[in-house]
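Encoded as structure tokens, the structure appears first; notes follow it.
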Amino acid sequence: MNLMIKVLLISSLFSSFISCKLYEAIDKSQQALANNKSLLEGNKRSSRKARSISYAEVGNQEQNNENRSNKKEVKDSEKGNNSSIQKDNIVKTNPSVTSYDSEKYTNRQPQQVNIAPNDSNESKKAKNIIQEISTSLEEVEKITAALETTRSELNKIKSTLDDARSYLNTARSGTNKADPALLPNLDQAISKVNSSYASANSNYSDAIGALKNAKNDFEYANRKAEDALQEAMINSNAVGYQHARYYNYMSDAKDAMGRAKVSLETTKHKQKCLNSNMPKANADFEELNEAHEAALRSTES
């Protein structure tokens, strides 16, 4: 009996000891979990704080960059304004150059120029070209007027030729009751006028085309010569850059003059051929008029 009691007491003490150990282990586990949780929360707070500091630094850096950019723009603007003011001052203090740049294209008609004894060699050369161009353009205008007169004569011939050809085609169809005996004469007159007109019209087209080229080149040469004259008159002590512009203008003027003279000579040659062909064209035209009128009278009677 006593032995049983002792066994039970020992068992009870052992169970109590085991329970205490278990509770102690559980308490330690819970304490460890609590510590870990606190550590994690602390890390999160530190991370958020670090990010906040980082964002603040980035924001400050961007603000600093923007401020520096604004300062640079202000400086550039001030620099641009100063540059504009300087340019305006240059324009106001050196009107001879700027007035030339702004006004050199305002008057492009050939102008009469007089060579003065005190003109520089550059000015004299430019004025000589301008005078020569003026004379050549007067000749161009005279040739233009003569060709316009010839064009009117050719148009009259062409109109009558077309009417006569139309009448002949209608007469051959038998619808206009024309005298058949007169048709061969009309046909022959039409053929002659058609040939002489074609030759004269070809000469005219060549002449007017070459004349147009001559006029364009003379006018271009005149503009360049005037530019060269302006360069020569700006300043007798001009720098090399301005001298270079003068010689470039003169070179362009001379080249254009050369082309214009060739075209003008071509015009004169073609006009000479045209004038040689016009008497025959007019004579053939008169024959055609007579044949056409005779055929028309036969139709009316």
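So for the sequence shown, our numbering puts the first residue at 41; every next one is plus one.
Beta carbons are placed, not taken as given, at the ideal position from N, Cα and C, and that holds for glycine.
Burial state of residue i, where buried means 16 or more other Cβ atoms lie within 10 Å
i: Q228; result: exposed
i: R263; result: buried
i: E271; result: buried
i: Y287; result: exposed
i: N243; result: buried
i: K312; result: exposed
i: V114; result: Low per-residue confidence applies at V114: pLDDT is 42, beneath 50, and the placement is therefore not dependable, though the value from the model is reported in the following sentence. V114 should be labelled exposed.
i: E340; result: exposed
i: E326; result: exposed
i: S236; result: buried
i: K182; result: exposed
i: N241; result: buried
i: E143; result: Reliability of the predicted coordinates at E143 is poor, the pLDDT of 41 falling under 50, and no value is obtained from them.
Residue i versus the options, residue with shortest Cα-Cα distance
i: D324; options: S239, E271, N243, M273; result: S239
i: D246; options: A284, N329, K167, K308; result: K308
i: E338; options: S236, F258, L208; result: It is worth fixing the name first, because residue 338 is Ser in this sequence and not Glu. Answer by Cα proximity: L208.
i: A331; options: V180, L177, L201; result: L201
i: G298; options: I169, N161, S160, S163; result: I169
i: L336; options: S206, V180, E188; result: S206
i: K310; options: N225, S236, L187; result: L187
i: D257; options: V180, N234, L223; result: V180
beta-carbon residue i near the ligand SAM non-hydrogen atom, thresh 7 Å
i: M318; result: The model depicted lacks the ligand SAM and carries no ligand whatsoever.
Check whether residue i and residue j have beta carbons under 8 Å apart
i: A321; j: I197; result: yes
i: A300; j: S174; result: no
i: A296; j: A261; result: yes
i: A284; j: A265; result: no
i: A211; j: L328; result: no
i: K167; j: M290; result: no
i: M273; j: S163; result: yes
C-beta neighbour in chain B for residue i, strict 8 Å
i: A293; result: Here chain B cannot be found, since the structure has a single protein chain.
Check whether the region 293-312 touches the region 235-254, taking contact to mean three or more Cβ pairs, one atom from each stretch, closer than 8 Å.
Between the region 293-312 and the region 235-254 there are three or more C-beta pairs closer than 8 Å, enough to call the two in contact.
Hey, is the region 313-323 in contact with the region 214-230, meaning 3+ C-beta pairs nearer than 8 Å?
no
Inspect the CB distances between the region 211-226 and the region 183-194 and report whether three or more fall short of 8 Å.
Put simply, the region 211-226 does not touch the region 183-194. Fewer than three CB pairs are less than 8 Å apart.
Curious, which full-length beta strand (DSSP E) runs of at least 3 residues does the region 247-276 contain?
none
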